[in-house]
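Protein chains in written order, with our numbering: chain A, 13 to 158; chain B, 13 to 158. Just so you know, even glycine gets a beta-carbon here, dropped at the ideal spot from N, CA and C.
Protein chains: 2
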Amino acid sequence: MRITQEADYAIRIACLLAERDQTLDANTIAEACCITQRFALKILRKMVLGDLVCSFKGANGGYRLERDAKDITLKDIIELIDGEITISRCLSEDHVCSKTGENKGACFVHRVFNVINRDVVKKLEKVTLAALVDPDVSVEDITKNF
Amino acid sequence: MRITQEADYAIRIACLLAERDQTLDANTIAEACCITQRFALKILRKMVLGDLVCSFKGANGGYRLERDAKDITLKDIIELIDGEITISRCLSEDHVCSKTGENKGACFVHRVFNVINRDVVKKLEKVTLAALVDPDVSVEDITKNF
DNA sequence: ATCAATGTGTACCAAAAAAGTATACAATGA
DNA sequence: TCATTGTATACTTTTTTGGTACACATTGAT
């Protein structure tokens, strides 16, 4: 990665939709998430194309989650917005290592990074929207089985 | 983070110095690491200022590791070059969350990120230059006690 | 039917970060 | 004393991030 602001906003938006569990229009979402409507629209568009939320046009239109909140993870949202999660550029699919001329896993160091990277992804996969939104679930509850 | 190219090069340089265990000049280092001399000089400068390597001017000058290779970790090198390791901007010391107006740990999501982030740093701390350079140590050896 | 409300598509712009280069200078050892 | 090697500072370019603009397409309420 790094996890971008845009992914961060997308997570907030997804949490909001999970919390309210109703169709919300872009304006409402933008206000609740402290971003401009235009920017919210852009992020929402990506989320629609990524089958994370569905949209309704016309009066009383808006957005809602496409799937159940327990079937959406932080990994899903971050990858949708930022693309493949990689802690180092050398780990990304299309990157060619300037040292070895090959891509990921060619250098010893990158193989170590790769182990760490996979672990991060695995952890992000374990965090569901449902857990994030549930007031009875603490950070410790979420992270204890990492 | 993300771990930058520059940090990546710094790691290569440090590995080279650990492997050879002698004073090497910037040109030799640059060639071995497949970067320009100028860029190597820039990175080496940071490493000198960060007390990771020491330098010698004049004829037969060059660089060598300041400390023993077993006392230098990936975390040391990456933090030296890239600054604080943070998987999301919201976790960095001087960042103020646009949602809560506070900094790290204020939002629930960021608290989760923080747990993951600390774990990454902890893993990077466990990888020493000595281990990376030792031909008898495998990636599995390094990562099994993560 | 019509029109206001709402999302769509595409393109553009600006700031920040990353990656790398240039130049003039300072120290040192043969 | 001068070639060799590092120092200091500043600049340039490219890529990524974060965000905006505008003309258009649907659709539900009236």
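ask   = Hey, does Q17/A have any beta-carbon neighbour from chain B nearer than 9 Å?
value = Yes, because at least one Cβ of chain B sits closer than 9 Å to the Cβ of Q17/A.
For T98/B, the three-state DSSP class (helix, strand or coil) = In the three-state DSSP reduction, T98/B falls in the coil class, being neither helix nor strand.
message = Which residue wins for smallest C-alpha separation from R177/A, given the options V133/B, E137/B, L144/B and A19/B?
response = In the structure as shown, chain A starts at 13 and stops at 158, and residue 177/A therefore has no counterpart that could be examined.
Option nearest D83/A by Cα separation, candidates A142/A, D33/A and E31/A = Checked all of A142/A, D33/A and E31/A; the closest Cα to D83/A is A142/A.
message = Measuring alpha carbon to alpha carbon, tell me which residue in F125/A, V127/A, K156/A and D148/A is nearest K138/A.
response = Sorting F125/A, V127/A, K156/A and D148/A by C-alpha distance to the C-alpha of K138/A places K156/A at the top.
Distance between G73/A and K135/B (C-alpha atoms, nearest Å) = The alpha-carbon separation between K135/B and G73/A amounts to approximately 47 Å.
inquiry  = On the DSSP bridge list, what partners appear for S67/A?
reply    = Partner residues in the beta bridge of S67/A, as assigned by DSSP, are Y75/A.
key: Contacting residues, own chain, Cβ-Cβ under 6 Å from A52/A (five flanking each side not counted)   = Same-chain partners within the cutoff: A38, I41 and A42.
inquiry  = Here's the rule I'm using: 16 or more other beta-carbon atoms within 10 Å means buried, otherwise exposed. How should F125/B be labelled?
reply    = By the 10 Å Cβ count, F125/B comes out buried.
ask   = Is I15/B helix, strand or coil when you go by DSSP?
value = DSSP places I15/B in strand when its eight states are reduced to three.
query = In terms of residue numbering, what span does the alpha helix (DSSP H) encompassing N39/A cover?
reply = A38 to C45 is the extent of the alpha helix (DSSP H) around N39/A.
task = Using three-state DSSP, classify T85/B as helix, strand or coil.
result = DSSP places T85/B in strand when its eight states are reduced to three.
message = If we define contact as Cβ-Cβ less than 9 Å, is K135/B a contact residue for chain A?
response = It does: the Cβ of K135/B has a partner Cβ on chain A nearer than 9 Å.
ask   = By the 10 Å Cβ neighbour count, where 16 or more other Cβ atoms means buried, how is A19/A classified, buried or exposed?
value = By the 10 Å Cβ count, A19/A comes out buried.
Option nearest I66/B by Cα separation, candidates V132/B, P147/B, I25/B and F158/B = Just to set this straight, residue 66/B is Cys in the shown sequence, not Ile. Residue I25/B is the option with its Cα nearest to C66/B.
query = Using 8 Å as the threshold, is the segment 81 to 100 of chain A in touch with the segment 54 to 69 of chain A, meaning 3 or more CB pairs across them?
reply = By the Cβ rule, the segment 81 to 100 of chain A counts as touching the segment 54 to 69 of chain A, because three or more pairs are nearer than 8 Å.
request  = Anything in chain B within Cβ reach of L144/A, meaning under 9 Å, just list it in chain order.
outcome  = The contacting residues are F120, V121 and V124.
task = Could you name the residues of chain A that C102/B contacts, counting a contact when the two beta carbons are closer than 9 Å?
result = Correct list: I15, Q17 and D20.
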